[in-house]
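Undergrad: Encoded as structure tokens, here's the structure I'll be asking about.
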Amino acid sequence: MTTPRDPQSDPAEGAPLHAPAPNGPQAGAGSAAGGLPAPYGPRTGAEAAVGDPPPPQTAVSPGPPTADPRWARPAFLALLLATGVLYLCNLHASGYANSFYSAAVQAGSQSWKAFFFGSLDAANAITVDKPPAALWPMALSVRLFGLNSWAILVPEVLMGVGTVAVVHASVRRRSGHGAALLAGAVLALTPVAALMFRFNNPDALLALLMAVACHLVVRALEDGRTRWLVWAGVAVGFAFLTKTLQAFLILPALAAVYAVCAPVRPRKRFAQLALATVALVVSGGWWVAVVELWPASSRPYIGGSQNNSFLELTFGYNGLGRLNGDETGSVGGGGAPGGGGRWGETGWDRMFNDDIGGQISWLLPAALILLVAGLVLSRKAGRTDVTRAAFLVWGGSLLTTAVVFSFMAGIFHQYYTVALAPYVAAVTGMGAAALWHRRRETWAALTLAATVTATAAWGYVLLHRTPDYLPWLRWLVLVGGLTAALGLVFAGRAGRRVVLAAAGLGVAASLAGPTAYTLSTVREGHSGSIVTAGPASTGRGGGPGGGGGPQNGAPPGADGNGPSQNGGFPGGGPGQDGFGAPPGADGTTPPGGAGTTTEAPGRGPRGGGAGMGGLLGGTDVDAEARELLEAGAAGHTWAAAAVGAQNAASYQLATGEPVMAIGGFNGTDPSPTLAQFQQYVKDGRIHYFVSGGGAGAGGGGTGRGGGSGTGAASRITAWVQSHFTHVTAGSVTFYDLTRPTSDS
Numbered sequence: 004m005t006t007p008r009d010p011q012s013d014p015a016e017g018a019p020l021h022a023p024a025p026n027g028p029q030a031g032a033g034s035a036a037g038g039l040p041a042p043y044g045p046r047t048g049a050e051a052a053v054g055d056p057p058p059p060q061t062a063v064s065p066g067p068p069t070a071d072p073r074w075a076r077p078a079f080l081a082l083l084l085a086t087g088v089l090y091l092c093n094l095h096a097s098g099y100a101n102s103f104y105s106a107a108v109q110a111g112s113q114s115w116k117a118f119f120f121g122s123l124d125a126a127n128a129i130t131v132d133k134p135p136a137a138l139w140p141m142a143l144s145v146r147l148f149g150l151n152s153w154a155i156l157v158p159e160v161l162m163g164v165g166t167v168a169v170v171h172a173s174v175r176r177r178s179g180h181g182a183a184l185l186a187g188a189v190l191a192l193t194p195v196a197a198l199m200f201r202f203n204n205p206d207a208l209l210a211l212l213m214a215v216a217c218h219l220v221v222r223a224l225e226d227g228r229t230r231w232l233v234w235a236g237v238a239v240g241f242a243f244l245t246k247t248l249q250a251f252l253i254l255p256a257l258a259a260v261y262a263v264c265a266p267v268r269p270r271k272r273f274a275q276l277a278l279a280t281v282a283l284v285v286s287g288g289w290w291v292a293v294v295e296l297w298p299a300s301s302r303p304y305i306g307g308s309q310n311n312s313f314l315e316l317t318f319g320y321n322g323l324g325r326l327n328g329d330e331t332g333s334v335g336g337g338g339a340p341g342g343g344g345r346w347g348e349t350g351w352d353r354m355f356n357d358d359i360g361g362q363i364s365w366l367l368p369a370a371l372i373l374l375v376a377g378l379v380l381s382r383k384a385g386r387t388d389v390t391r392a393a394f395l396v397w398g399g400s401l402l403t404t405a406v407v408f409s410f411m412a413g414i415f416h417q418y419y420t421v422a423l424a425p426y427v428a429a430v431t432g433m434g435a436a437a438l439w440h441r442r443r444e445t446w447a448a449l450t451l452a453a454t455v456t457a458t459a460a461w462g463y464v465l466l467h468r469t470p471d472y473l474p475w476l477r478w479l480v481l482v483g484g485l486t487a488a489l490g491l492v493f494a495g496r497a498g499r500r501v502v503l504a505a506a507g508l509g510v511a512a513s514l515a516g517p518t519a520y521t522l523s524t525v526r527e528g529h530s531g532s533i534v535t536a537g538p539a540s541t542g543r544g545g546g547p548g549g550g551g552g553p554q555n556g557a558p559p560g561a562d563g564n565g566p567s568q569n570g571g572f573p574g575g576g577p578g579q580d581g582f583g584a585p586p587g588a589d590g591t592t593p594p595g596g597a598g599t600t601t602e603a604p605g606r607g608p609r610g611g612g613a614g615m616g617g618l619l620g621g622t623d624v625d626a627e628a629r630e631l632l633e634a635g636a637a638g639h640t641w642a643a644a645a646v647g648a649q650n651a652a653s654y655q656l657a658t659g660e661p662v663m664a665i666g667g668f669n670g671t672d673p674s675p676t677l678a679q680f681q682q683y684v685k686d687g688r689i690h691y692f693v694s695g696g697g698a699g700a701g702g703g704g705t706g707r708g709g710g711s712g713t714g715a716a717s718r719i720t721a722w723v724q725s726h727f728t729h730v731t732a733g734s735v736t737f738y739d740l741t742r743p744t745s746d747s
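The opening residue of the sequence shown carries number 4 in the working numbering; numbering runs sequentially from there.
Set out below in structure tokens:
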């Protein structure tokens, strides 16, 4: 065995120490210095299938790459196909899913200006409270295939399949095909991943781009080429245009690992990082520059901001406010670390609690154990050992994101944790392969057994939180996992068949719980702003996401789509904790998808409800209301105006006509002002005003500028009610802004 030269003493500055094989990695510095054995080398088909370690190779000259085993490509394609079929299953049941984003998608399919800015309506009154990158694929799909559930949600499914492919590719290069298949399966079967890769929130694209960034950084660590790092910066830049500062959570880990472990001289490392930073700024900043330089009078108002500034939105409501809970214009933050709040308790155990655990934490204990094991195995490796660097990239991303999620006091929803899913999957695949290679060593076999034991025990705990949901499964998981762990203890001495059986049983027991939750997730439709995966947990109750599985949800609606999951607020649904009047108080019903009547008035599906007068979910639009708005739309810029984006989105999706969302998502944005609204009415640009709405309507809502009745939305509502004639269509009251009352 030879010891690789440090790049700093290499006569060829920046020359890579080793070149990865086209179909996988070569043995690198770690092989020579006591690190992990390379996963490739001359092996029989049977050995390759179970991941037996290859014969020793030299660090610098590993020899020609070995061809992939014949089963590798079919298995990979089968993984992608299975993921796609799983995520497409029952996709139509979610209807328009989050009508807030679906309305913006509809607007973008009708107006290129709305497409560029991410406007909620084609007349460009106000934008969503995020940058628009996540809307663009869906809007293009709707332009091609028309407005329907499949056109909106299939792009999200493709993002899920793409994320599985990226994680598989990254793990395969470092740990082999078996590990890559395991990682891909872990990701595909994570409940929150199955939820969000079938939903139209921005988190699906964010997870894909974050996985791409990690993969590209690992590629850069293999050969020191600048292009990989620059493309990683581009991926993070577009992730910023997807969900602003959340994209930057993993940057410290990625930058630190490359700065220390890259196989080039220090000067070049920092020059490469600088170029990657430039790529990030350009790819993420071009849209911001256009928006900030565009005259405010000729573009839509920036939703979620209080000063019509995207920079304010980025660093306030969507930035630091998420960390400290001081989110001006929002519905309020969480609590101090260790304390409770509207968005749940913060603290080190947040990812494991009743609200979050069933979404993401099934394999989280295993990932943490395997991360430590991988770093221990490679502790004596050289600085440039790529396998250790890969653990640091994926593991560092996992830890930094999990820590921020655990302690952020601002708005936090369970589905945010989909960002962790690629990291958990990659670390699990790489770590399991690393220990499997060393299973003949007692400590490695014991660590494998401990990993399976911890996973099975935690799976039992999570399944016990839903005692009426497949009560037999938790015992099967526990007994199966403990049996597998016992077999793995003797992995170094037992026969081949026994070891393979124990490993297979361990994987099955570890994935049984999340698989059941995933199947429960795809079986149901999901709509509204706050959604959760799996059946209802005993701890979630009426908290975020409502919670409610088949055993305690509302009965299937008239369209046969089954109950939906819609969000209430932590601690209870609408009407509790001072969060507003019960659903139906303003003549609207809980969300079921615009243009549908799947729920009885006043009853929310899956423990949720419209919440805060339509703040968290859309409203049902009956035929009479739709006909009224459609008949009067001609000659007006907006067919109607409604307080709160979800409320407005429902009518817009039902009619296909622009509907102004007064006050943005919460109804608390100062747009339009009363004077602006009065001018719109004077000019005949708005036909109807929809009674009732979000927090800013003054109808029992909350949030800054909302529930007190002092916000712009409250003043507009009061002015309309005192100056215009009301009409009733179905169960909803409208004010005809072309018919002033006689005394006005």
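Beta carbons: idealized from backbone N, C-alpha and C, even for Gly.
(1) Between the beta-carbon of His-639 and the beta-carbon of Ile-719, is there less than 8 Å?
(2) If we count Cβ pairs, one from each stretch, closer than 8 Å, do we get three or more for the region 90-98 versus the region 107-127?
(3) Specify, as a first and last residue, the run of the alpha helix (DSSP H) that Leu-503 falls within.
(4) What does the Cβ neighbour count give for Leu-195, buried or exposed, with the cut at 16 atoms within 10 Å?
(5) Mind checking who Trp-446 pairs with in its DSSP beta bridge?
(6) Work out the CA separation of Leu-82 and Trp-397 for me, nearest whole Å.
(7) Of the residues Gly-733, Glu-660, Asn-327, Phe-727, which one's Cα is nearest the Cα of Ala-106?
(8) What residue does the beta strand (DSSP E) around Arg-742 start on, and which one ends it?
(9) Since I believe Leu-211 is in contact with Ala-223 (beta carbons under 8 Å), could you give me their beta-carbon distance rounded to a whole number of angstroms?
(10) Just verifying my parser: in three-state terms, what is the DSSP assignment at Ser-694?
(11) Helix, strand or coil for His-440, going by three-state DSSP, please let me know.
(12) Give every residue of the same chain whose Cβ lies closer than 7 Å to the Cβ of Ala-238, excluding the five residues on either side of it in the sequence, and list them in chain order.
(13) By Cβ distance below 6 Å, which residues in the same chain neighbour Ala-191 in space, the five residues on each side in sequence not counted?
(14) Pick helix, strand or coil for Thr-390, following the three-state DSSP scheme.
(15) With distances taken between CB atoms, is the gap from Lys-271 to Pro-205 smaller than 8 Å?
(16) I need the straight-line Cα distance from Thr-658 to Val-160, nearest angstrom please.
(17) For the candidate residues Gly-484, Gly-322, Trp-346, whose alpha-carbon lies nearest to that of Leu-366?
(18) The alpha helix (DSSP H) spanning His-729 covers which residue range?
(19) How should Val-730 be labelled, buried or exposed, when 16 other C-beta atoms within 10 angstroms of its C-beta is the threshold for buried?
(20) Given Val-157, which residues of its chain have a CB within under 8 Å of its CB, disregarding the five upstream and five downstream residues?
(21) Count the other C-beta atoms from every protein chain shown that fall within 10 angstroms of the C-beta of Gln-649, then say buried if there are 16 or more, exposed otherwise.
(22) What does the alpha-carbon distance come out to for the pair Gly-322 and Tyr-304?
(23) List the DSSP bridge partners of Met-663.
(24) Using only alpha-carbon positions, find the residue among Ser-674, Arg-201, Gln-655 that is nearest to Leu-150.
(25) Can you tell which of Ile-414, Val-294, Thr-317, Gly-306 has its C-alpha closest to the C-alpha of Thr-349?
(26) Among the residues of its own chain, which have a CB less than 6 Å from the CB of Phe-668, if the five just before and after it don't count?
(27) Taking 8 Å as the cut-off, decide whether the C-beta atoms of Leu-451 and Gly-516 are in contact.
(28) Taking the alpha helix (DSSP H) that Met-162 falls in, what are its first and last residues?
(29) I'd like to check one pair, Ile-129 with Ser-694: are the Cβ atoms closer than 8 Å?
(30) From Ala-235 to Leu-326, what does the alpha carbon distance come to, in whole angstroms?
(31) Thinking C-alpha only, which one of Ala-256, Val-480, Arg-268, Gly-181 is nearest Gly-227?
(32) Could you spell out where the alpha helix (DSSP H) holding Arg-477 opens and where it closes?
(33) Beta-carbon of Thr-535 versus every beta-carbon of chain C: anything under 8 Å?
TA: In short, the structure shows the following:
(1) Here the question's residue 639 lines up with position 636 in the sequence shown. Here the question's residue 719 lines up with position 716 in the sequence shown. Not closer than 8 Å, so no.
(2) no
(3) Position 500 of the sequence shown, counted from the start, is the residue given in the question as residue 503. That run of the alpha helix (DSSP H) goes 499-526.
(4) Locating residue 195 in the sequence shown gives position 192, where the first residue counts as 1. Leu is not the amino acid found at residue 195; the sequence shown has Val there. Under this definition Val-195 is a buried residue.
(5) Looking up residue 446 in the sequence shown gives position 443. Paired residues: none, contrary to the question.
(6) Within the sequence shown, the letter at position 394 stands for residue 397. Within the sequence shown, the letter at position 79 stands for residue 82. So the alpha carbons of these two residues sit roughly 21 Å apart.
(7) Along the sequence shown, read from residue 1 onward, the residue named residue 106 stands at position 103. With distances taken between Cα atoms, Ala-106 lies closest to Glu-660.
(8) Position 739 of the sequence shown, counted from the start, is the residue given in the question as residue 742. Looking at the DSSP string, the run of the beta strand (DSSP E) that includes Arg-742 is 735-743.
(9) Within the sequence shown, numbered from 1, the residue matching residue 223 stands at position 220. Within the sequence shown, numbered from 1, the residue matching residue 211 stands at position 208. No, Ala-223 and Leu-211 are not in contact; Cβ-Cβ is about 19 Å, not under 8 Å.
(10) The count along the sequence shown starts at 1 and reaches residue 694 at position 691. It is a strand residue.
(11) The count along the sequence shown starts at 1 and reaches residue 440 at position 437. Three-state result, His-440: helix.
(12) In the sequence shown, counting from the first residue as 1, residue 238 sits at position 235. Leu-212, Val-215, Ala-216, Leu-219.
(13) As a working note, residue 191 is residue 188 in the sequence shown. Same-chain partners within the cutoff: Thr-86, Val-167.
(14) Taking the first residue of the sequence shown as position 1, residue 390 is located at position 387. In the structure shown, Thr-390 sits in a helix (DSSP, three-state: H, G or I).
(15) Numbered from its first residue, the sequence shown carries residue 271 at position 268. Numbered from its first residue, the sequence shown carries residue 205 at position 202. No, these two residues do not count as a Cβ contact at 8 Å.
(16) For this step, residue 658 is matched to residue 655 along the sequence shown. For this step, residue 160 is matched to residue 157 along the sequence shown. Near 27 Å, if we compare the C-alpha coordinates of Val-160 and Thr-658.
(17) For the purposes of this step, residue 366 is taken as residue 363 along the sequence shown, with counting starting at 1. Nearest C-alpha to Leu-366: Gly-484.
(18) As a first step, residue 729 must be located in the sequence shown, where it is residue number 726. Counting along the chain, His-729 falls outside any alpha helix (DSSP H), though it belongs to the beta strand (DSSP E) covering 727-732.
(19) As a working mapping, residue 730 is identified with position 727 in the sequence shown. Result: exposed.
(20) By 1-based counting over the sequence shown, the position of residue 157 is 154. Here the set comprises Leu-91, Leu-94, Ser-144.
(21) Taking the first residue of the sequence shown as 1, we reach residue 649 at position 646. Buried, by the Cβ-count rule.
(22) Numbered from its first residue, the sequence shown carries residue 322 at position 319. Numbered from its first residue, the sequence shown carries residue 304 at position 301. Spanning the two alpha carbons is a distance of roughly 19 Å.
(23) On the sequence shown, residue 663 is found 660 positions in, with the first residue counted as 1. Ala-644, per the DSSP bridge assignment.
(24) Counted from its first residue, the sequence shown places residue 150 at position 147. Measuring from the Cα of Leu-150, the nearest candidate turns out to be Gln-655.
(25) Within the sequence shown, numbered from 1, the residue matching residue 349 stands at position 346. Checked all of Ile-414, Val-294, Thr-317, Gly-306; the closest Cα to Thr-349 is Ile-414.
(26) Mapped onto the sequence shown, residue 668 falls at position 665. Closer than 6 Å at the Cβ level, and outside the excluded window around Phe-668, lie Asp-132, Ala-648.
(27) Indexing the sequence shown from 1 puts residue 451 at position 448. Indexing the sequence shown from 1 puts residue 516 at position 513. Not in contact: Leu-451 and Gly-516 (Cβ atoms no closer than 8 Å).
(28) Along the sequence shown, one-based indexing puts residue 162 at 159. Counting along the chain, the alpha helix (DSSP H) containing Met-162 begins and ends at 152-178.
(29) Translated into the one-based positions of the sequence shown, residue 694 becomes position 691. Translated into the one-based positions of the sequence shown, residue 129 becomes position 126. No, the Cβ-Cβ distance between Ser-694 and Ile-129 is not below 8 Å.
(30) Residue mapping note: residue 235 aligns to position 232 of the sequence shown, counting from 1. Residue mapping note: residue 326 aligns to position 323 of the sequence shown, counting from 1. When rounded, the distance between both Cα atoms is 25 Å.
(31) Here residue 227 corresponds to residue number 224 of the sequence shown, with the count starting at 1. Looking at the Cα atoms, Arg-268 is the closest of the given residues.
(32) Mapped onto the sequence shown, residue 477 falls at position 474. Run containing Arg-477: 474-492, per the alpha helix (DSSP H) assignment.
(33) Judged by its chain identifiers, the structure shown contains no chain C, having just a single protein chain.
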